[in-house]
Amino acid sequence: MTDLKRTPLYDFHVANGGKMVPFAGYDMPVQYPAGVMKEHLQTRSAAGLFDVSHMGQVALTSTEGLEALTLALETIVPVSVAGLKPLRQRYGIFTNEAGGILDDLMIANTGDHLFLVVNAACKSQDIAHMKATLPDHVTVTEITDRALLALQGPAAETALARLVPTVTDMRFMDSHRMDVNGVEWWISRSGYTGEDGFEISIPAQIAADVAAKLVEMDEVELIGLGARDSLRLEAGLCLYGHDIDTTTSPVQGNIAWAIQGIRRTGGARAGGFPGADRILAELENGPDKLRVGLLPQGRAPMREGTPLFASSDSNDQIGVITSGGFGPTVQAPIAMGYVPTEYTTDGTEIFAELRGKRLPVTVSSMAFRPSTYKR
Amino acid sequence: MKFTEEHEWLRVEDDLVVVGITEHAATQLGDVVFVELPEEGTTVTKDEEICVIESVKAASDILAPLDGEIVEVNGLLVDEPSKVNEDAIGDAWFFKMKIDDLSVLDEFMSEAEYKAFIG
Numbered sequence: 001m002t003d004l005k006r007t008p009l010y011d012f013h014v015a016n017g018g019k020m021v022p023f024a025g026y027d028m029p030v031q032y033p034a035g036v037m038k039e040h041l042q043t044r045s046a047a048g049l050f051d052v053s054h055m056g057q058v059a060l061t062s063t064e065g066l067e068a069l070t071l072a073l074e075t076i077v078p079v080s081v082a083g084l085k086p087l088r089q090r091y092g093i094f095t096n097e098a099g100g101i102l103d104d105l106m107i108a109n110t111g112d113h114l115f116l117v118v119n120a121a122c123k124s125q126d127i128a129h130m131k132a133t134l135p136d137h138v139t140v141t142e143i144t145d146r147a148l149l150a151l152q153g154p155a156a157e158t159a160l161a162r163l164v165p166t167v168t169d170m171r172f173m174d175s176h177r178m179d180v181n182g183v184e185w186w187i188s189r190s191g192y193t194g195e196d197g198f199e200i201s202i203p204a205q206i207a208a209d210v211a212a213k214l215v216e217m218d219e220v221e222l223i224g225l226g227a228r229d230s231l232r233l234e235a236g237l238c239l240y241g242h243d244i245d246t247t248t249s250p251v252q253g254n255i256a257w258a259i260q261g262i263r264r265t266g267g268a269r270a271g272g273f274p275g276a277d278r279i280l281a282e283l284e285n286g287p288d289k290l291r292v293g294l295l296p297q298g299r300a301p302m303r304e305g306t307p308l309f310a311s312s313d314s315n316d317q318i319g320v321i322t323s324g325g326f327g328p329t330v331q332a333p334i335a336m337g338y339v340p341t342e343y344t345t346d347g348t349e350i351f352a353e354l355r356g357k358r359l360p361v362t363v364s365s366m367a368f369r370p371s372t373y374k375r
Numbered sequence: 001m002k003f004t005e006e007h008e009w010l011r012v013e014d015d016l017v018v019v020g021i022t023e024h025a026a027t028q029l030g031d032v033v034f035v036e037l038p039e040e041g042t043t044v045t046k047d048e049e050i051c052v053i054e055s056v057k058a059a060s061d062i063l064a065p066l067d068g069e070i071v072e073v074n075g076l077l078v079d080e081p082s083k084v085n086e087d088a089i090g091d092a093w094f095f096k097m098k099i100d101d102l103s104v105l106d107e108f109m110s111e112a113e114y115k116a117f118i119g
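These protein sequences, in sequence, are chains G and L.
Mapped onto my numbering, the consecutive letters of the first sequence carry residue numbers 1 to 375.
Mapped onto my numbering, the consecutive letters of the second sequence carry residue numbers 1 to 119.
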């Protein structure tokens, strides 16, 4: 067994009863004593604090200025980076030559450089990919001396404003850098729960103090990776390595919304990213399969890997569930998975095979619970 | 009450063996959201997977602790799976079995032995 890495909050998690498990090479809290269900509902009703310091924080700088930098990044992501305004953040993906997805990420324009947050399991590979493919004027720097916290839920703004009053001025996907008692905090109004909330990058040495201050507030409780997964599933958000990967295109993955018109056929900066031929063709003609939401009609949760069929007796598998479980807020099993395009209309009934039985599943919108972002 | 290494408890009631899972098992599973029970009247063999328990985290099985016949199942758990977390050794029994020879229960762990087993 390889040695697990620890985030700056490791001792804090253990002191707070976190049940630590290996995740993406880190020893991370899957839950605290309250348990996944209560942690999930806490985040929906008040506020939850998550340690996401295992994720990769990366600065991209250029000797040729911000515009050249944004255009350079556009050669490996199919989104409009040059169109991203200062102090704003946008969802992006790294694609491969086959049009598959290497990782998904957040891209922020700090006003003079780009700040990226990438998945923990992909960060070494992402950094190597950027160093290998971006032009010489771009410098890729992994930021290893900062923790990353997420504060999510309807009370997140009230709680964080006690420490940083100006966060009330931010709206969804704003990304600001602010001085808090002489320390620079990097705050974006975003998250992975479908709730309003913030992602907060702070120096590692103050992370435990900040986390303790937040958790002392009545509205805030610590939330582990278990509830992080059920929260993102209810919000219809994809998880890299499960719902999207190198074999799925962004169009198949139902994240084509991340590809702005300017990068599509007919746009001023159309194409010019790995896999553009396939991805642009799929945007024009539609994909062969699509990630959709799935509502099992019974009470049995259906998990990743559960095969999907067109009818209760057909032998040909049409698709597979890529994420699934129980939605604590919707109080029902929910899932997402891939089905051929002809089965993607809302309300279509298909079947999942669970423990040898065919059970009906209804194709549905993926936002099982509508998001509450402050736009 | 007797205990199995699969974290089930067994108690005899009106010559039937009532089976549930221990509080330790319920805590390990986390919040139970779904229970699938065997059909009443089914004949089962020891170690056969006869119930499914799903928590918010994962699915697991309950194995038949003995050879016998399932004579009654606890429908309450289908409607209120969270009972397993709330009252594992009381209301949240899973099924009642008829077995040939109740003396085989002697082979299972006592409460003290089970406590030592889970450490």
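Think of the CB as a built atom: it goes at the ideal place given N, C-alpha and C, for glycine as much as any other residue.
Predicted, not measured: the structure shown is a model, and the values here were computed from it.
From what residue to what residue does the alpha helix (DSSP H) around residue i run?
| i | result |
| --- | --- |
| E342(G) | No alpha helix (DSSP H) holds E342(G); DSSP gives it neither H nor E. |
| S124(G) | K123 to T133 |
| G226(G) | L225 to E234 |
| F273(G) | Segment: none, F273(G) is in no alpha helix (DSSP H) and carries neither H nor E. |
| A88(L) | Premise fails: A88(L) is in no alpha helix (DSSP H) and is neither H nor E. |
| A211(G) | A204 to E216 |
| K19(G) | Where K19(G) is concerned, there is no enclosing alpha helix (DSSP H), although the beta strand (DSSP E) it sits in stretches over K19 to F23. |
| T139(G) | Premise fails: T139(G) lies in the beta strand (DSSP E), V138 to E142, not in any alpha helix (DSSP H). |
| I378(G) | No answer is possible for residue 378(G): it lies beyond the span of chain G, which begins at 1 and ends at 375. |
| Y10(G) | Y10 to A15 |
Measure the C-alpha to C-alpha separation of residue i and residue j and round it to an integer number of angstroms.
| i | j | result |
| --- | --- | --- |
| F50(G) | V77(G) | 28 Å |
| A281(G) | G18(G) | 47 Å |
| G56(G) | N74(L) | 48 Å |
| I143(G) | T158(G) | 29 Å |
| F172(G) | I21(L) | 46 Å |
| D179(G) | W185(G) | 6 Å |
| V251(G) | I279(G) | 7 Å |
| L102(G) | T95(G) | 5 Å |
| N285(G) | Q317(G) | 24 Å |
| V78(L) | E36(L) | 7 Å |
| R90(G) | V220(G) | 27 Å |
| S62(G) | K123(G) | 20 Å |
| E304(G) | I321(G) | 5 Å |
| L84(G) | A268(G) | 15 Å |
| R6(G) | T306(G) | 33 Å |
| T341(G) | K98(L) | 51 Å |
| M37(G) | L134(G) | 43 Å |
| H13(G) | P29(G) | 7 Å |
| T345(G) | L294(G) | 11 Å |
So, does the CB of residue i fall closer than 8 Å to a CB anywhere in chain L?
| i | result |
| --- | --- |
| V36(G) | yes |
| F273(G) | no |
| T325(G) | First, the residue type needs correcting, since residue 325(G) is Gly and not Thr in the sequence shown. Cβ-Cβ to chain L under 8 Å: yes for G325(G). |
Along chain L, in chain order, which residues have C-beta atoms closer than 8 Å to that of residue i?
| i | result |
| --- | --- |
| S230(G) | V56 |
Which chain G residues sit within Cβ distance under 8 Å of residue i?
| i | result |
| --- | --- |
| V84(L) | Those do not exist, as V84(L) stays about 12 Å from chain G at its closest Cβ, beyond 8 Å. |
| V52(L) | A300 and R355 |
Find the residues of chain L that neighbour residue i, judging by a C-beta separation of less than 7 Å, and give them in chain order.
| i | result |
| --- | --- |
| F115(G) | The premise fails here: F115(G) is roughly 33 Å from chain L at the closest Cβ pair, so nothing lies under 7 Å. |
Counting along the chain, where does the beta strand (DSSP E) carrying residue i start and finish?
| i | result |
| --- | --- |
| Q31(G) | Y26 to Q31 |
| R358(G) | K357 to S364 |
| Q42(G) | Careful: Q42(G) lies outside any beta strand (DSSP E), inside the alpha helix (DSSP H) at V36 to S45. |
| T322(G) | Q317 to G327 |
| Q57(G) | G56 to S62 |
| I70(L) | G68 to V73 |
Buried or exposed for residue i, please, with buried defined as at least 16 other CB atoms from any protein chain shown within 10 angstroms of its CB.
| i | result |
| --- | --- |
| K2(L) | buried |
| F117(L) | exposed |
| G182(G) | exposed |
| Q205(G) | exposed |
| A25(L) | buried |
| D31(L) | buried |
| D229(G) | buried |
| T141(G) | exposed |
| K289(G) | buried |
| Q42(G) | buried |
| Q430(G) | Any property of residue 430(G) remains undetermined from this structure, which presents chain G solely from 1 to 375. |
Under 9 Å Cβ-Cβ, which residues of chain G neighbour residue i?
| i | result |
| --- | --- |
| A64(L) | None at all; the shortest Cβ gap to chain G is about 16 Å. |
Using 8 Å as the limit for Cβ to Cβ distance, is residue i near chain G?
| i | result |
| --- | --- |
| L34(L) | First, the residue type needs correcting, since residue 34(L) is Phe and not Leu in the sequence shown. It does: the Cβ of F34(L) has a partner Cβ on chain G nearer than 8 Å. |
| A59(L) | yes |
| D47(L) | no |
Strictly below 7 Å CB to CB, what residues from chain G border residue i?
| i | result |
| --- | --- |
| G41(L) | Residues of chain G passing the Cβ test: none, with the nearest at roughly 19 Å. |
| D31(L) | G35, V36 and M37 |
Closer than 9 Å by beta-carbon distance: list the chain L residues that pair up with residue i, in chain order.
| i | result |
| --- | --- |
| G226(G) | G30, V56 and K57 |
| R303(G) | E54, A58 and A59 |
| P328(G) | D31, V33 and V56 |
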